[in-house]
Each structure stands twice: as C-alpha cells, then as structure tokens.
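Note sheet for the following structure.
Number of protein chains: 2
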Amino acid sequence: MSLKHILLGLLREPGTGYDLKSVFDERISHFWSAEFGQIYPTLNRLEERGLLESRVEPSEKGPNRRVYTLTGEGRQELLRWLGSGPAVGAERFGYLAQLYFMDALGDLHETRAFMTALKGRLNEWLGRLEAIETAVTTAHGNAPERYSDGGFHQFATLRMGILSIGSKVKWCDETLAAIDRRLALMAVPDTGDKCPISRGSTRSDKPGEALS
Amino acid sequence: MSLKHILLGLLREPGTGYDLKSVFDERISHFWSAEFGQIYPTLNRLEERGLLESRVEPSEKGPNRRVYTLTGEGRQELLRWLGSGPAVGAERFGYLAQLYFMDALGDLHETRAFMTALKGRLNEWLGRLEAIETAVTTAHGNAPERYSDGGFHQFATLRMGILSIGSKVKWCDETLAAIDRRLALMAVPDTGDKCPISRGSTRSDKPGEALS
DNA sequence: TAGGCCATGTAATGTGTTACATGATTAG
DNA sequence: CTAATCATGTAACACATTACATGGCCTA
Chain A
1 MSLKHILLGL LREPGTGYDL KSVFDERISH FWSAEFGQIY PTLNRLEERG LLESRVEPSE
61 KGPNRRVYTL TGEGRQELLR WLGSGPAVGA ERFGYLAQLY FMDALGDLHE TRAFMTALKG
121 RLNEWLGRLE AIETAVTTAH GNAPERYSDG GFHQFATLRM GILSIGSKVK WCDETLAAID
181 RRLALMAVPD TGDKCPISRG STRSDKPGEA LS
Chain B
213 MSLKHILLGL LREPGTGYDL KSVFDERISH FWSAEFGQIY PTLNRLEERG LLESRVEPSE
273 KGPNRRVYTL TGEGRQELLR WLGSGPAVGA ERFGYLAQLY FMDALGDLHE TRAFMTALKG
333 RLNEWLGRLE AIETAVTTAH GNAPERYSDG GFHQFATLRM GILSIGSKVK WCDETLAAID
393 RRLALMAVPD TGDKCPISRG STRSDKPGEA LS
C-alpha cells in the first residue's frame with residue numbers, strides 16, 4: 001500500500017536506492033522499514049509508470065549511482081495519497097500475539113521473563129528516539145511550531161514514537177506488577193477462601209468467551 | 213511470520229476457518245487482522261505439514277464445517293514460537309508515513325484536518341477497547357491477577373491496546389495544539405524579529421538532515 | 001591485504017489483500 | 001421472497017524478506 005508512496009515522498013529530494021535505504025534505517029524506522037530487495041524493484045516500477053525518472057551519475061566513491069527524481073505525475077500521486085485520509089487500523093504487533101497465547105507455556109515465570117525482555121527492547125528504542133529529539137531541540141529549539149515545514153511534520157511523527165513507546169514501557173511495568181501479584185497469590189493458594197485462578201488448563205466455557 | 217502461529221494458538225480450542233475469522237474481527241483486531249483468503253490456505257498448509265488435523269462435521273445452520281484441531285507437533289511449534297523472545301521492531305504506521313510527508317500539501321490546515329480525523333478514529337477504537345475492558349472487569353472483577361491463565365494474558369494485551377491508543381490520542385492533542393500555535397505565528401509573520409518558519413519550499417540543507 | 005562501505009540488482013520464497021464463485025439455512 | 005449469516009474455497013495480484021551475486025574504493 002505505501003512503500004510506493006513513501007519513496008515518492010522521500011524523492012522530493014533526488015536520491016539513489018542506496019540513499020533511501022539509509023533514510024529508512026536512520027530516520028523512519030519507528031514507523032516503517034524496507035530492504036534493498038524491495039526498494040530497487042519498486043523504484044524501477046515507479047519509473048516505468050512515469051512517477052519517477054532517473055539518470056546515472058558517477059559516484060565519488062564506488063560504482064555509478066542511479067539518481068531518481070520525482071516527476072509531476074509522481075507528485076500528483078503523492079498528493080492524492082496524502083489527501084486520502086488517515087490510514088489507520090492495520091497495525092500489527094507480533095509480541096502482543098505472543099503474549100496473548102503465552103498461558104500455553106504453563107509457567108508465569110516465562111511470561112515474566114518475556115515482559116522483562118520486551119521492556120528492555122522498548123527502552124532501548126525509546127532511548128534512540130529521545131536522543132534524536134534532544135539533537136533536534138538542541139539544534140532548532142524546543143518550539144516545534146517554529147521549525148521548517150518539513151521539520152515540523154517530521155518532529156510530530158517523532159513525538160508520537162516517543163509517547164507511544166513510552167506508554168508501552170509503562171504498560172510493561174503495570175503488567176510486571178500484576179504478574180508479581182499473581183505469583184504471590186499462587187504461592188499461598190490455601191490462605192484465601194476462594195481462589196479462582198486456574199492451574200493448568202482451566203478452560204471454563206466456550207472457545208474464547210473470556211474476553212468478549 | 214506469525215499468522216501461522218496465531219492460528220495455532222487459537223486452535224488450542226478446535227474451530228473452523230469461519231470461526232477464526234470472527235475471533236480476529238472481534239477479539240484480536242487491536243494487534244492483528246486476517247482475511248478468509250489468507251486463513252483457509254494457511255489452514256490447509258498447516259494440515260499438510262502435520263501441525264493441524266481436521267474433520268468434517270455437519271453444521272446446525274448452513275453447510276458442513278471443517279473443524280481443525282492442534283496436533284502434538286502443532287503444539288510444539290506454538291511453544292517454540294512463544295519461547296523465541298519478543299518479536300519487536302516491525303511495526304508499521306501508515307498514518308505516520310502520511311503525516312511525515314504532509315508538508316508537501318503546502319497547507320497546514322490540511323494537516324490539522326488530518327489530525328482531527330485521526331483523533332476521531334483513534335477515539336472510536338479506544339472506546340471499543342474500553343467497552344471490552346468494562347465488560348471483563350464487570351464479569352470477573354478488576355483484579356486481573358485473579359483471572360484464569362488465559363484471561364490474565366489476554367487482559368494484558370487489552371491493556372496495552374488501551375494505554376497505547378490512549379497515548380496516541382494525547383499525542384493528537386499535543387500536535388493539534390502545536391499546529392494552532394504555528395498557525396497563529398503564520399498569521400502575524402511581521403511581528404517578531406526573526407521568524408524561521410519556511411513558507412513554501414524552504415529546504416535549507418542536504419536531503420533530510422533536518423531530523424538526524 | 002582484509003574488512004567495511006558504496007552501489008545495484010535478481011531469484012526464491014513467504015505473506016497478505018481483493019475479487020470472484022458457490023450454495024445452504026434462517027429470520028423478517 | 002429477500003437479506004443476512006453460515007461456510008469454504010480459488011485466482012490474481014500486491015507486498016515483503018532473505019539469500020545470492022557482483023565489484024570498486026578506502027582505511028587500517
């Protein structure tokens with residue numbers, strides 16, 4: 001759906017496939033990624049369809065570079081996409097899928113280890129984004145409304161990454177606390193009167209009506 | 213990467229392709245989605261590989277149902293996946309990609325409308341998740357550590373959806389406020405001494421060094 | 001001289017969406 | 001009688017990852 005459009009957006013500034021790959025890795029990784037194996041064929045297709053054009057230039061270091069530029073038609077398509085309303089609802093979280101089924105492991109300590117590892121990864125990621133934020137505010141001040149047009153929009157996406165990942169780290173803490181309470185409950189199962197926690201497979205009712 | 217594994221997880225309770233589709237739509241949509249066109253072929257492949265087995269049963273309403281069940285091998289593969297560490301880092305956000313390039317529209321009011329629409333969609337989504345949360349806590353109490361094993365894990369994923377989408381709604385507000393400050397600045401460009409906001413295409417330096 | 005970066009691509013495979021095709025049963 | 005729901009699938013296409021293949025230039 002959108003790699004095509006992201007390439008068009010990036011190529012408002014001319015560049016090569018190799019350049020684009022590093023932009024993905026360095027500046028866009030918090031909301032999109034792409035590999036060479038996808039970038040090069042897509043650039044070719046976009047040129048065939050007239051949305052891009054390219055010229056070959058000698059490189060300062062290494063082999064010749066094929067530099068792509070946006071055509072008028074390409075810009076039109078970019079604007080059409082930008083005006084088509086927010087593309088929401090298709091998010092996918094592999095780690096949530098794992099957690100959802102993790103009762104199958106039958107050991108809450110496994111879940112705990114998983115959440116700890118996840119929190120570590122998220123914190124690393126958050127740290128990277130915050131370092132970028134610091135660099136930006138140091139260079140351009142902390143009033144984003146005074147940035148350039150491009151900078152303002154890019155800064156907004158960066159903020160969403162920081163807030164969103166930050167909330168996930170908090171969620172890890174909340175969940176770890178709940179896990180610890182649950183582990184404590186399970187350690188003294190004979191104390192309370194009623195202890196509705198299932199051990200092993202307590203599947204009370206119909207397939208998956210627990211959460212609907 | 214994981215539709216396969218999600219199907220294995222869901223099929224700890226036997227079910228048909230049709231059943232699974234409604235589970236995706238009703239209970240899993242905040243972190244994964246799938247269409248019939250992908251579900252049925254995947255089920256077939258998993259059966260060929262011995263991770264699932266199926267039998268045909270008459271339905272109470274409508275045509276015969278093919279009911280799939282997890283095999284021992286399938287359960288092994290599920291556990292392997294669950295133990296392989298958190299699958300993090302591949303998230304994709306179409307709407308962030310759009311926002312990132314939205315300066316190309318050359319009109320901040322467009323961005324404002326976009327963010328307002330996005331906030332509305334996210335709020336709807338948040339409302340749906342909160343309704344589920346209310347239903348769960350009403351039925352099972354608000355101490356998740358006392359839920360069943362499956363319920364505990366599922367509730368944790370629900371909480372992440374609520375916290376994460378909640379943080380995105382807050383981000384929408386933050387961004388809308390920044391947009392309004394910027395619009396105010398642009399309305400009186402002659403007042404201040406230095407006004408480093410670009411109008412039109414102020415591309416100061418090299419391709420995209422604004423945010424790196 | 002070895003390893004890393006610059007630079008472009010293909011092939012095989014895997015994953016996901018959309019459109020199409022079929023048909024029974026049930027509720028209004 | 002009609003629409004919705006139940007139920008399964010295929011075909012074409014679009015999107016994405018991984019591995020492989022090539023080779024020049026620069027630095028340590």
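Just so you know, the protein sequences line up as chains A and B, in that order. All the letters of the first sequence, read from the start, carry residue numbers 1 to 212 under my numbering. All the letters of the second sequence, read from the start, carry residue numbers 213 to 424 under my numbering. All C-beta atoms in this analysis are idealised placements derived from N, C-alpha and C, irrespective of residue type, glycine included.
Could you tell me which chain B residues have their CB closer than 8 Å to the CB of residue i, listed as they occur along the chain?
| i | result |
| --- | --- |
| Leu-129 (chain A) | Those within 8 Å of Leu-129 (chain A) in chain B number zero; the least Cβ separation is about 11 Å. |
| Val-67 (chain A) | What Val-67 (chain A) touches in chain B: nothing, since even the nearest Cβ is about 11 Å away. |
| Ile-39 (chain A) | Result: empty, since nearest Cβ-Cβ is about 15 Å, beyond 8 Å. |
| Phe-31 (chain A) | Glu-303, Arg-304, Phe-305, Leu-308, Ala-309, Tyr-312 |
| Leu-118 (chain A) | Pro-298, Val-300 |
| Phe-111 (chain A) | It is worth fixing the name first, because residue 111 (chain A) is Thr in this sequence and not Phe. In chain order: His-365. |
| Gly-166 (chain A) | Ser-379 |
Which residue comes first and which comes last in the alpha helix (DSSP H) that contains residue i?
| i | result |
| --- | --- |
| Arg-277 (chain B) | No alpha helix (DSSP H) holds Arg-277 (chain B); the beta strand (DSSP E) holding it covers 277-282. |
| Ile-344 (chain B) | 320-352 |
| Arg-159 (chain A) | 149-187 |
| His-217 (chain B) | 215-222 |
| Asp-19 (chain A) | 17-23 |
| Gly-94 (chain A) | 94-100 |
| Phe-248 (chain B) | 248-260 |
Can you tell me whether residue i sits near the ligand FAD, meaning its C-beta is under 7 Å from at least one heavy atom of the ligand?
| i | result |
| --- | --- |
| Glu-259 (chain B) | The model depicted lacks the ligand FAD and carries no ligand whatsoever. |
Closer than 7 Å by beta-carbon distance: list the chain B residues that pair up with residue i, in chain order.
| i | result |
| --- | --- |
| Leu-233 (chain A) | The requested residue 233 (chain A) does not occur in the structure, where chain A is confined to residues 1 to 212. |
| Pro-240 (chain A) | There is no way to answer for residue 240 (chain A), as the model of chain A reaches only from 1 to 212. |
| Arg-12 (chain A) | Ala-316 |
| Glu-174 (chain A) | Arg-371 |
| Arg-219 (chain A) | Since the first residue of chain A shown is 1 and the last is 212, residue 219 (chain A) is not available in this structure. |
Thinking C-alpha only, which one of the options is nearest residue i?
| i | options | result |
| --- | --- | --- |
| Thr-369 (chain B) | A:Lys-170, A:Tyr-100, A:Gly-151, A:Leu-158 | A:Tyr-100 |
| Tyr-343 (chain B) | B:Glu-238, B:Ala-396, B:Leu-291 | At residue 343 (chain B) the sequence reads Ala, which differs from the Tyr that was named. When only C-alpha atoms are compared, the closest one is B:Glu-238. |
| Leu-52 (chain A) | A:Ile-6, A:Pro-86, A:His-153, A:Ala-97 | A:Ile-6 |
| Gln-366 (chain B) | A:Val-23, A:Gly-17, A:Ala-34, A:Ala-104 | A:Ala-104 |
| Thr-254 (chain B) | B:Leu-223, B:Lys-273, B:Ser-241 | B:Leu-223 |
| Cys-172 (chain A) | A:Phe-152, A:Leu-96, A:Asp-149, A:Gly-85 | A:Leu-96 |
| Leu-108 (chain A) | B:Asp-361, B:Val-235, B:Thr-350 | B:Asp-361 |
| Gly-249 (chain B) | B:Tyr-230, B:Glu-260, B:Ile-240, B:Val-235 | B:Tyr-230 |
| Glu-336 (chain B) | A:Val-88, A:Thr-138, A:Glu-145, A:Gly-94 | A:Val-88 |
| Lys-4 (chain A) | A:Arg-75, A:Gly-62, A:Ser-22 | A:Arg-75 |
For residue i, which residues from the same chain have a beta carbon less than 7 Å from its beta carbon, with the 5 sequence-adjacent residues on both sides left out?
| i | result |
| --- | --- |
| Gly-15 (chain A) | Val-67, Tyr-68 |
| Gly-50 (chain A) | Thr-71, Glu-73 |
Whose C-beta lies closer than 8 Å to the C-beta of residue i among residues of the same chain, with five residues either side of it excluded?
| i | result |
| --- | --- |
| Asp-388 (chain B) | In the sequence as displayed, the identity of residue 388 (chain B) is Leu instead of Asp. Excluding residues within five positions, the ones whose Cβ falls inside 8 Å are Arg-324, Met-327, Thr-328, Lys-331. |
| Ser-266 (chain B) | Leu-255, Glu-259, Arg-278, Val-279, Tyr-280, Thr-281 |
| Ser-2 (chain A) | Trp-32, Trp-81, Ala-87 |
| Gln-98 (chain A) | Phe-114 |
| His-352 (chain B) | Arg-358, Tyr-359, Gly-363 |
Terminal residues of the continuous beta strand (DSSP E) containing residue i?
| i | result |
| --- | --- |
| Val-56 (chain A) | 52-57 |
Ordered along the chain, which non-local residues of its own chain (more than five positions away) have a Cβ less than 6 Å from that of residue i?
| i | result |
| --- | --- |
| Gly-373 (chain B) | His-242, Leu-341 |
| Leu-46 (chain A) | Leu-52 |
| Glu-57 (chain A) | Arg-65, Val-67 |
| Pro-196 (chain A) | Caution applies to Pro-196 (chain A), whose pLDDT of 39 falls short of 50 and renders its modelled position unreliable; the value that the coordinates give is listed next. Hits under 6 Å: none found. |
Interface residues of chain A around residue i at Cβ under 8 Å?
| i | result |
| --- | --- |
| Tyr-307 (chain B) | Pro-86, Ala-87, Val-88 |
Hey, how far is the Cα of residue i from the Cα of residue j?
| i | j | result |
| --- | --- | --- |
| Tyr-40 (chain A) | Glu-77 (chain A) | 19 Å |
| Ser-376 (chain B) | Arg-159 (chain A) | 13 Å |
| Tyr-359 (chain B) | Ala-178 (chain A) | 11 Å |
| Leu-20 (chain A) | Glu-260 (chain B) | 41 Å |
| Glu-357 (chain B) | Leu-185 (chain A) | 8 Å |
| Phe-236 (chain B) | Glu-225 (chain B) | 14 Å |
| Gly-318 (chain B) | Leu-294 (chain B) | 47 Å |
| Leu-183 (chain A) | Ser-271 (chain B) | 42 Å |
| Met-314 (chain B) | Gly-306 (chain B) | 12 Å |
| Thr-346 (chain B) | Ala-187 (chain A) | 29 Å |
| Ser-296 (chain B) | Leu-220 (chain B) | 15 Å |
| Arg-181 (chain A) | Gly-166 (chain A) | 23 Å |
| Leu-291 (chain B) | Lys-380 (chain B) | 33 Å |
| Thr-138 (chain A) | Phe-152 (chain A) | 15 Å |
| Lys-61 (chain A) | Arg-333 (chain B) | 48 Å |
| Glu-91 (chain A) | Ala-246 (chain B) | 12 Å |
| Asn-142 (chain A) | Gly-127 (chain A) | 18 Å |
| Glu-174 (chain A) | Glu-386 (chain B) | 24 Å |
| Pro-207 (chain A) | Val-348 (chain B) | Residue placement at Pro-207 (chain A) cannot be trusted, given a pLDDT of 37 that sits under 50; what the coordinates show is reported in the next sentence. So the two alpha carbons sit approximately 16 Å from each other. |
| Ile-240 (chain B) | Lys-170 (chain A) | 21 Å |
Who are the neighbours of residue i on chain A, taking C-beta pairs under 7 Å?
| i | result |
| --- | --- |
| Lys-382 (chain B) | Leu-163 |
In chain A, what lies closer than 9 Å to residue i by C-beta?
| i | result |
| --- | --- |
| Phe-326 (chain B) | Leu-82, Gly-83, Gly-85, Pro-86 |
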